[in-house]
Amino acid sequence: MEKSAIIDRAKEYIRREKDPHFRGEVEELLSKEDFKELEDRFYRMLEFGTGGLRGLIGGGYNRMNTLVVKSATQGLASYVRKAFGKKAAAGALKAVVAFDSRHYSAEFAEACALIFAANGIKTYLFSALRPTPELSFAIRRLGCDTGIVVTASHNPPQYNGYKAYWNDGGQVISPHDAGIIDEVNKVTEIKEMGRDEALKKGLLTIIDREIDEPYWAMVKSRLFRPGLIKEKAGEVTIVYTPLHGTGALHVETVLGSLGLKVITVPAQREGNGDFPTVAFPNPEEAAALEMAVKLGREKNADVVMATDPDADRFGIAVPSKLKGEYTLVTGNQMGALLADYIFLSLKELGRMPQNPAMVNSIVTTGMQGKIAQYYGAVCLECLTGFKWIADIMRRCEEDKSHTVVFGTEESYGYLVENEVRDKDGVSAAALTAEMTLYWRSRGKSLLDRLNELYGIAGYWEEMGISKYFQGPDGPAIMKGIMEAYRKNPPETLGGLKVVKVRDILKSLCLMPGGKTEKVSLPKSDVLQFYLEDGTVVSARPSGTEPKIKFYATSCTALTGSLEDAKVGAAKKLDAIKKDIHRVIDG
Numbered sequence: 066m067e068k069s070a071i072i073d074r075a076k077e078y079i080r081r082e083k084d085p086h087f088r089g090e091v092e093e094l095l096s097k098e099d100f101k102e103l104e105d106r107f108y109r110m111l112e113f114g115t116g117g118l119r120g121l122i123g124g125g126y127n128r129m130n131t132l133v134v135k136s137a138t139q140g141l142a143s144y145v146r147k148a149f150g151k152k153a154a155a156g157a158l159k160a161v162v163a164f165d166s167r168h169y170s171a172e173f174a175e176a177c178a179l180i181f182a183a184n185g186i187k188t189y190l191f192s193a194l195r196p197t198p199e200l201s202f203a204i205r206r207l208g209c210d211t212g213i214v215v216t217a218s219h220n221p222p223q224y225n226g227y228k229a230y231w232n233d234g235g236q237v238i239s240p241h242d243a244g245i246i247d248e249v250n251k252v253t254e255i256k257e258m259g260r261d262e263a264l265k266k267g268l269l270t271i272i273d274r275e276i277d278e279p280y281w282a283m284v285k286s287r288l289f290r291p292g293l294i295k296e297k298a299g300e301v302t303i304v305y306t307p308l309h310g311t312g313a314l315h316v317e318t319v320l321g322s323l324g325l326k327v328i329t330v331p332a333q334r335e336g337n338g339d340f341p342t343v344a345f346p347n348p349e350e351a352a353a354l355e356m357a358v359k360l361g362r363e364k365n366a367d368v369v370m371a372t373d374p375d376a377d378r379f380g381i382a383v384p385s386k387l388k389g390e391y392t393l394v395t396g397n398q399m400g401a402l403l404a405d406y407i408f409l410s411l412k413e414l415g416r417m418p419q420n421p422a423m424v425n426s427i428v429t430t431g432m433q434g435k436i437a438q439y440y441g442a443v444c445l446e447c448l449t450g451f452k453w454i455a456d457i458m459r460r461c462e463e464d465k466s467h468t469v470v471f472g473t474e475e476s477y478g479y480l481v482e483n484e485v486r487d488k489d490g491v492s493a494a495a496l497t498a499e500m501t502l503y504w505r506s507r508g509k510s511l512l513d514r515l516n517e518l519y520g521i522a523g524y525w526e527e528m529g530i531s532k533y534f535q536g537p538d539g540p541a542i543m544k545g546i547m548e549a550y551r552k553n554p555p556e557t558l559g560g561l562k563v564v565k566v567r568d569i570l571k572s573l574c575l576m577p578g579g580k581t582e583k584v585s586l587p588k589s590d591v592l593q594f595y596l597e598d599g600t601v602v603s604a605r606p607s608g609t610e611p612k613i614k615f616y617a618t619s620c621t622a623l624t625g626s627l628e629d630a631k632v633g634a635a636k637k638l639d640a641i642k643k644d645i646h647r648v649i650d651g
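Residue numbers (my numbering): 66 to 651.
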């Protein structure tokens, strides 16, 4: 973009931005003639991706600030009014807004609520930070037409974000996402209302315990064996960290009310947008659990648990066979353990529904499908992002084709209930505590059960790569990499022959001999390479961050020992990783 155009956009932003802090940032950049920084802040508008808006906090159209948040909310409000025309005319539209512990989350959330109010949409605003899954729960419980949670999930402290939800409690998907973007791009005037006026007119209601308590009750109602917990609760010690986020209130309340001993990491218990004790507040990162694992050793904990800042992701570490050591359980492994426990419990208790199903994303381990099959169920696949799991749940309810009892994806997301339509770290924590007690009552640890599952489904191992491309040139570089893979698909990866290529953007699967098959998934910029041994390698640009992600999921038959299978899988995935890096690092 030309320098003059960037400067014009910066000046326009200054005229429109009412927040003095964000306006002042851009004014200072103009006065210093810092064109490089100005270009990064104004070369594009933040766009809705797989999780809505997400970006660095700061002044500019390519940043998270009050003007960008207000514009997005005005566009969302306009679209909701058009989508539900009769309700809008009757003044019956409703929305709910939640926020996490990040910088400016509370301010952005109130701005969203007041934009909704100014557009005639009655809005419920949580009084303090609350988890993302509770926002989804609130939409369904309050009968709202839309909702927003202000969060950047597990991103570093410089980021904030904005997830938009629809009336089913799931994040917006097609066609609503495109329709909202169109409305956002049309915004020239933002309707606004003051807090006092909104409260007086009944267009703003502050909520907390009237949603908290039903949510806690719902989480506990999804447990299978409350009697076992009541009898054995004192036998398990849990160390927990909310990683400076929203999870402490709910995890401590729910698990504590069950009689479980929960020790929360003191330095990480309170919400803090600086996340001072971790580089990344993400339970997927081993370093994020270091403080909790250390406390786990001191307290001889049976399980160490962590949720990310908005408490939708959930991770654990459990004691290994080496005294004092803990093993981190991956998202794929945790999903396999929970799938097994849910299906097993439904079968043991005589509650298995007709046509039972679980849902996972196309980049999640194939092990879970084998587990579902073992129990006579099916594993339905969807695109990456929990909004697609929620969409399948909704469609299954409508056509009564399957009863979905579990949803999961490899990035530490799990959903064990129907009352929420997004991943839920709180309910996952409660069910994991029960699962730990169940296997202990049978003389086994979670790792023991995982090894048993390998005997049932084969040994599965996964690998992930994330390559960032920052700055204005980043999108073009990522597009070029994906186009290169499409035009010249690799014949081999890691020395293994590529036998099939699935291009989800083109809705085609290229088969041996030049044959093609239709792909029924929604269009998305994803390529999948199927190797001769059954390994699947996937590539996709992130919808919310400037990066391409690669995934590989591979099964190794247990013809020998489990250790031999692990060594063979590691060598195979390492060779695949080297081939990918030759392309993306070049």
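Each residue gets a CB set at the ideal place from its N, CA and C atoms; glycine is no exception.
Decide if the stretch 525-540 is in contact with the stretch 591-601; the criterion is three or more beta carbon pairs, one per stretch, under 8 angstroms apart.
These segments do not touch.
Please give the ranges of any alpha helix (DSSP H) in the stretch 206-278, keeping only runs that are unbroken, at least 4 residues long and fully inside the region.
Complete alpha helix (DSSP H) runs here, min 4: 241-251 and 260-265.
Residue 530 lies in the alpha helix (DSSP H); which residues open and close that run?
Run containing residue 530: none in the alpha helix (DSSP H); it sits in the beta strand (DSSP E), 524-533.
Can you tell me whether DSSP reads residue 485 as helix, strand or coil?
Three-state DSSP puts residue 485 in coil, outside helix and strand.
Within the continuous beta strand (DSSP E) that includes residue 382, where are the two ends?
Residues 379-384.
Exposed or buried, residue 131, counting other C-beta atoms within 10 Å across all chains shown (16 or more means buried)?
It is buried - the Cβ of residue 131 has at least 16 other Cβ atoms within 10 Å.
So, is residue 632 buried or exposed, given that buried needs 16 or more other C-beta atoms within 10 angstroms?
With fewer than 16 other Cβ atoms within 10 Å, it is exposed.
Take the Cβ of residue 208 as the centre, count every other Cβ of all protein chains shown within 10 Å, and call the residue buried at 16 or more, exposed below.
Result: exposed.
Are the CB atoms of residue 458 and residue 441 nearer to each other than 8 angstroms?
Contact: no.
Residues in the same chain with beta-carbon distance under 6 angstroms from residue 187, minus the five sequence neighbours each way, listed in chain order, please.
These residues qualify, in order along the chain: 159 and 268.
To the nearest angstrom, how far is the alpha carbon of residue 496 from that of residue 476?
The straight-line gap from Cα to Cα measures roughly 18 angstroms.
Are there 16 or more other CB atoms within 10 angstroms of the CB of residue 193, so buried, or fewer, so exposed?
Flag for residue 193 reads exposed.
Which runs of the alpha helix (DSSP H) at least 4 residues long sit entirely within the stretch 101-181? Give them in chain order.
If we require 4 residues or more, the alpha helix (DSSP H) runs fully inside the stretch 101-181 come out as 131-148 and 150-154.
From the DSSP secondary-structure annotation, give me the bridge partner or partners of residue 604.
In the DSSP output, where bridge partners are listed per residue, residue 604 has 592 and 615.
Mind checking residue 311: buried by the 16 CB within 10 Å criterion, or exposed?
Answer is buried; the Cβ neighbour count reaches 16.
Could you please give the first and the last residue of the uninterrupted alpha helix (DSSP H) stretch that includes residue 499?
490-506 is the span of the alpha helix (DSSP H), which, as asked, contains residue 499.
Identify the residues that DSSP records as bridge partners of residue 425: which are they?
BP columns for residue 425 point to 446 and 473.
Does DSSP put residue 539 in a helix, a strand or coil?
Three-state DSSP puts residue 539 in a helix.
Hey, out of 309, 235, 287 and 323, whose CA is closest to residue 302's CA?
If we check each option's Cα against that of residue 302, 323 comes out closest.
Report all residues from its chain with a CB closer than 8 angstroms to the CB of residue 340; omit the five preceding and five following residues, and keep chain order.
These residues qualify, in order along the chain: 221, 222, 308, 309, 346 and 374.
For residue 584, does the three-state DSSP call read helix, strand or coil?
Residue state, collapsed to three classes: coil.
Do three or more CB pairs link the stretch 498-518 to the stretch 69-82 at distances below 8 angstroms?
The stretch 498-518, when compared against the stretch 69-82, does not touch it at the 8 angstroms Cβ threshold.
Just to check, is the beta-carbon of residue 262 closer than 7 angstroms to a non-hydrogen atom of the ligand GDP?
Looking for the ligand GDP in the displayed structure turns up nothing, as the structure carries no ligands at all.
List, from N- to C-terminal side, the beta strand (DSSP E) runs of 3 residues or more that fit wholly inside the stretch 351-422.
With a minimum length of 3 residues, the continuous beta strand (DSSP E) runs that stay inside the stretch 351-422 are 368-372, 379-384 and 391-394.
Which value, in whole angstroms, describes the spacing of the CA atoms of residue 446 and residue 425?
The alpha-carbon atoms of residue 446 and residue 425 are separated by roughly 5 angstroms.
Determine whether the beta carbon atoms of residue 140 and residue 215 lie at a separation below 8 angstroms.
No, the Cβ-Cβ distance between residue 140 and residue 215 is not below 8 angstroms.
Would you mind stating whether residue 166 and residue 400 have Cβ atoms separated by less than 8 angstroms?
It is not a contact, given that the beta carbons lie outside the stated cut-off.
For residue 398, which residues of its own chain have a beta-carbon under 7 angstroms away from its beta-carbon, when the five flanking residues on both sides are left out?
Only 515 meet the Cβ criterion.
What do you reckon, are the CB atoms on residue 482 and residue 466 nearer than 8 angstroms?
Going by C-beta atoms, residue 482 is not nearer than 8 angstroms to residue 466.
Looking at the strands, I want to know which residues DSSP matches up with residue 573.
Residue 573 is bridged to 568 and 583.
Between the C-alpha atoms of residue 479 and residue 342, what's the straight-line distance to the nearest angstrom?
Distance between the alpha carbons of residue 479 and residue 342: 25 angstroms.
Could you please give the first and the last residue of the uninterrupted alpha helix (DSSP H) stretch that includes residue 439?
Here the alpha helix (DSSP H) through residue 439 covers 432-439.
Between the stretch 412-431 and the stretch 543-556, do three or more beta carbon pairs fall short of 8 angstroms?
At 8 angstroms Cβ cutoff, the stretches do not touch.
Are any of the Cβ atoms in chain C nearer than 8 angstroms to that of residue 388?
Judged by its chain identifiers, the structure shown contains no chain C, having just a single protein chain.
Could you check where the beta strand (DSSP E) with residue 327 kicks off and where it finishes?
Per DSSP, residue 327 belongs to the beta strand (DSSP E) from 326-329.
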